[in-house]
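Just add 5 to wherever you are in the sequence shown, counting from 1, and you've got this note's numbering. In what follows, a structure is listed as structure tokens, so that the remarks can point back to it.
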Amino acid sequence: MNALKEQHCEACRADAPKVSREQESELQREIPEWEVIQVGDERQLQRVFRFPDFATALVFTNRVADLAEAENHHPALLLEYGKVTVRWWTHKIGGLHRNDFIMAARTDSLAT
């Protein structure tokens, strides 16, 4: 199996299955700095990235936006001075899909 960061998103339908808790736990091993949070009825992946200033955080935000456009899978992004909060989940299914873990791993690659 390829590392998550080397994979691409697959097209996701509204009836696609959410990852099971067991799959979630296994996939999260590849992205240990991400936490699974509950927002309403949805499970989401979240990570806060820290930067020395606003300009650097903005550059990172734009890189995540470019990645999201390329994969047609879009996160919630909160840009603040010196930090960016990124949340991935699959809107169509109202929770976590393998795509979200792939995008989290690829987001990590952008920060290094």
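Beta carbons: idealized from backbone N, C-alpha and C, even for Gly.
First and last residue of the uninterrupted beta strand (DSSP E) at residue i
i	result
Thr117	Unbroken run through Thr117: none, as it is neither H nor E.
Arg92	Lys88 to Trp93
Leu84	Ala81 to Glu85
Selection from the options that minimises the alpha carbon distance to residue i
i	options	result
Ile42	Val91, Asn77, Ala73 and Asp58	Val91
Ser114	Glu38, Glu15, Asp20 and Ala16	Glu38
Lys10	Pro22, Leu72 and Asn67	Leu72
Ala16	Arg26, Gln51, His96 and Ser25	His96
Ala81	Val53, Ser30 and Ser25	Val53
Ile36	Trp93, Gly45 and Gly99	Trp93
Residues near residue i in its chain [Cβ-Cβ closer than 8 Å; skip 5 each side]
i	result
Phe56	Ala62, Phe65, Gly87, Lys88 and Val89
Residue i: CB within 7 Å of a non-hydrogen atom of the ligand SAH
i	result
Glu38	Looking at this structure, you won't find the ligand SAH or any other ligand, since it has none at all.
Residues near residue i by beta carbon distance below 7 Å, same chain, minus five either side
i	result
Arg111	Lys10 and Leu72
Asn104	Cys14, Glu15, Cys17, His78 and Thr95
Gly100	Lys23, Glu47, Arg48 and Trp94
Glu27	none
Nonlocal neighbours in the same chain, by C-beta distance under 6 Å from residue i, ignoring five residues either side
i	result
Phe59	Tyr86
Ala19	Lys97
Inset, instruction - Within the segment 28–78, note down every full beta strand (DSSP E) run reaching 3 residues or more, in order along the chain. - result: Along the segment 28–78, the beta strand (DSSP E) occurs as fully enclosed runs of 3 or more residues at 40–44 and 47–55, listed in sequence order.
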